[in-house]
Every structure is written in C-alpha cells, then in structure tokens.
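In our numbering, the protein residues as written are 1 to 357.
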C-alpha cells in the first residue's frame, strides 16, 4: 500500500500555478494555440471517460491539520476524487512538463524534472488516485502532445480519405487490431485494472490506421534529421516494437546491406554501428527513429511502409542520394530494404543514366 504523505499536497496543488503560467510562457500565437489545444484535448477526453466509466476512489484520507489540512479542505471543495482513469492531473502534468522542459536551462532543468516527479507522485501520496490512473493519464497527456505538436504540421491537417485500395485495406487491418485491443482493455478491466494497459497498443494501432486512411507520414512526426518527437516515440512504441520484430524476422539471414554502384548501398534500417560506417544515410522509414549513436550524415525522407511514395518525394530522395554520393559512401535504407529504398535507388539509377529502365 502507498503511504499517505500530507505535505505532498503542496506539489499536487502547484500544478494549478504552472497551468496558468504555461499559457504566458510562449514565443508566438501558434505556441499558445497549440498549448490550449493540448489542454482542451486532455480535459475533453477525461470528461468523456468519466461520463462513460464513472469511477470513484475507494479509500478514506486521514485527518490533516496545518497548511496541508487547509489545502486538502480547499481541494475537497472543488476536486473530488471522481476523475480516476485516466488521471487528468497526470495528463496535464505531462503537457506542462513538456512545455517547460524546452524552455528551462542549466540547473533549473533538473530542478523542474524533480518537481514534476513530485507532482506525479503526489497523486498517489495524497490518495487522490489509484496506481493504474497514472499510466492511463500519461497516455492521454502524450496523445495531446502528439495531436498538437510544438512545431510542424498537425497530424490531422489536410486529411483526405485515401482512394488507394491497398491503403484502405491496410487501414482496415490496423483499425481491426485497434478495436480488438480496445475490447480486450474494456473486458479485461472488469476483472483486473492491469488490462487497461491494452489501451496503449490500441491507440498505437489506431494512429497507424489513421496514417493509411489518408493522414500519411505526418502521424509519425519524423524530422529530416531522423529524429522523432517524444510523443510519437511513446505512443507508437508498441507498433515500433512490432516493426523491429518484423525486421529481424525478414532480414536476419540476409546481408544488412548490398552494394549497388559507385559507393551506393541498399539495405535494411541500420544499427548505429552499421550507419557509422557510411558517410551518409538516406532514410526512408517514416516509422523508425535514427539510432542515437549514429555518427554519420543522416537525411530522412519519411515514407509510409507498403505504399508507393509520391513521385516528387522519390525524386527528391534520388537527388539527395546523387549529391551525397560525391562526398562518400551512401546507404539507402527503409525498414527491410525491399521496397521504399529499392524504389529510390531505381529512380537514382534511371535519373543518372546508370540504367535505362
């Protein structure tokens, strides 16, 4: 059992201060708009979950006096322990923690991480929530961060339902997986709250289904340098673990790279050690993150797996390949090295006259 620690009501309360200050700490109107979008997303989803699944706390707090007693009394006047899973407090903490960590420097940054940890722990030590409310609240917070990223296009911007038959089939496949995982979470929660962890793969599969339905590579939030936003890394981790397992299953008996021509190689998504043996990596896998220790030039043209990339993107990647080739060896990669990377290499071979068709 988690002990009741009365003084932790102070960090618990402090989130209200940072909630308001965060709206004032922005560089431009877009920053304010996106933070407001995150706040609204977390609050609306939490309210919907409460309406659909009204839960209450099962414990009674000990009597407290002094400042903690006063703060608990005020808290009890407007914040009853009814919003349980997901914890709105934790969802907002994730949003606010991320907002400030990009703006603090030096000693203030580790202090902020420590204080954020106290705020997170306080939802348990003040007996406001059960443990399972924490991961579900964090999932909601990261979803809000993903839906309204700090920079770049919104995942839903410019969405048009695809007319591509293969893309629609893949969207239905991943949507079915999401529905099954969601059903498992709902049914399993009747017997054990741990089943709510199935909400994580359910959300990951739903996001991938959204990509195939028409949103495209934006949902993976991958930058030109191969980095991926924290929200995308967290939310899509179950999918990426499956992608890694798929890479191992298909390529474990194959050479990691093969030479094509003039210092250009074609292969699967490399490890940091493999990538560092090349001058440049042309990365086409929207779903995979650049290895942190990779010591090479990294250029990413994110493309969705199993779908033909836009011609313009393929041509840009081929042009970048030819330019990079003049400075050293180049690895062109996607997840398996079978389709996206092969298409770009073929484009390069034809465009540079090394092949006729």
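Beta carbons: idealized from backbone N, C-alpha and C, even for Gly.
Model, not experiment: these values are computed from the prediction.
With hydrogens ignored, establish whether the beta-carbon of residue 213 is closer than 6 angstroms to any heavy atom of the ligand GDP.
As for the ligand GDP, it is missing from this structure, which has no ligand bound.
Straight-line CA distance for residue 349 to residue 334?
Straight through space, the alpha carbons of residue 334 and residue 349 are spaced by roughly 18 angstroms.
Give every residue of the same chain whose Cβ lies closer than 7 angstroms to the Cβ of residue 119, excluding the five residues on either side of it in the sequence, and list them in chain order.
11, 12, 14, 15, 93
Rounded to whole angstroms, what's the CA-CA distance from residue 124 to residue 44? Just pull it up for me.
Roughly 23 angstroms separates the two Cα atoms.
Would you call residue 3 buried or exposed, if buried means 16 or more other Cβ atoms sit within 10 Å of its Cβ?
Residue 3 should be labelled exposed.
Classify residue 333 as helix, strand or coil using the three-state DSSP reduction.
strand
Straight-line gap, residue 309 to residue 282 (C-alpha atoms, nearest Å):
Approximately 15 angstroms between the Cα atoms of the pair.
Helix, strand or coil: how does DSSP classify residue 51 here?
helix
Within 8 angstroms, do at least three Cβ pairs link the segment 327-346 to the segment 277-291?
yes
Per DSSP, residue 280 forms a beta bridge with which residues?
297, 330
How about residue 178 and residue 206: are their beta carbons less than 7 angstroms apart?
yes
Counting C-beta neighbours from all protein chains within 10 Å, is the total for residue 248 16 or more, i.e. buried, or is it exposed?
exposed
For the beta strand (DSSP E) containing residue 343, list its first residue and its last residue.
Element bounds for residue 343: not the beta strand (DSSP E) but the alpha helix (DSSP H), 340-351.
Please return the same chain residues whose Cβ sits closer than 7 angstroms to the Cβ of residue 97, not counting the five positions on each side in sequence.
116
With distances taken between CB atoms, is the gap from residue 217 to residue 302 smaller than 7 angstroms?
Between residue 217 and residue 302, the C-beta gap is smaller than 7 angstroms, which places the two residues in contact.
Among 135, 326, 251, 146, which has the Cα closest to the Cα of residue 262?
326
Sequence-distant residues of the same chain with beta carbon closer than 6 angstroms to residue 214, five excluded per side
So the list reads 159, 160, 161, 162, once near-sequence residues are dropped.
For residue 268 and residue 337, what's the separation of their Cα atoms in angstroms?
4 angstroms
Assess, as a yes-or-no matter, whether the segment 142-154 is touched by the segment 35-43 under the definition of 3 or more beta carbon pairs within less than 8 angstroms.
yes
Residue 203 versus 344, 233, 294, residue with shortest Cα-Cα distance
233
Anticipated Cβ contact below 8 angstroms, residue 219 with residue 291, distance rounded:
At roughly 21 angstroms, the Cβ-Cβ gap does not stay under 8 angstroms, so residue 219 and residue 291 are not in contact.
Residue closest to residue 138, alpha-carbon to alpha-carbon, out of 86, 180, 185, 99
86
From 53, 99, 89, residue whose alpha carbon lies closest to that of residue 31
99
Just to confirm my understanding: we take residue 237, look at its own chain, exclude 5 residues before and 5 after, and list those with CB closer than 8 angstroms. What are they?
200, 204
According to DSSP, residue 257 sits in a beta bridge with which residue or residues?
267
Are any of the Cβ atoms in chain B nearer than 7 angstroms to that of residue 299?
No chain B appears in the structure shown, which is made up of a single protein chain.
Any idea if residue 289 is buried or exposed, counting beta-carbon neighbours within 10 angstroms, 16 or more meaning buried?
Classified as buried, residue 289 has 16 or more neighbouring CB atoms from the shown chains inside 10 Å of its CB.
Is the beta carbon of residue 181 less than 7 angstroms from the beta carbon of residue 196?
no
Whole-angstrom Cβ separation of residue 121 and residue 8, contact assumed at under 8 angstroms?
7 angstroms
Alpha carbon to alpha carbon, what distance is there between residue 323 and residue 103?
Distance between the alpha carbons of residue 103 and residue 323 is about 36 angstroms.
Below 7 angstroms between beta carbons: does that hold for residue 351 and residue 317?
Judged by beta-carbon spacing, residue 317 lies beyond the 7 angstroms limit of residue 351, meaning their Cβ atoms are not closer than that value.
Could you tell me the distance, in whole angstroms, from the CA atom of residue 136 to the CA atom of residue 245?
Taking the straight line from one Cα to the other gives about 26 angstroms.
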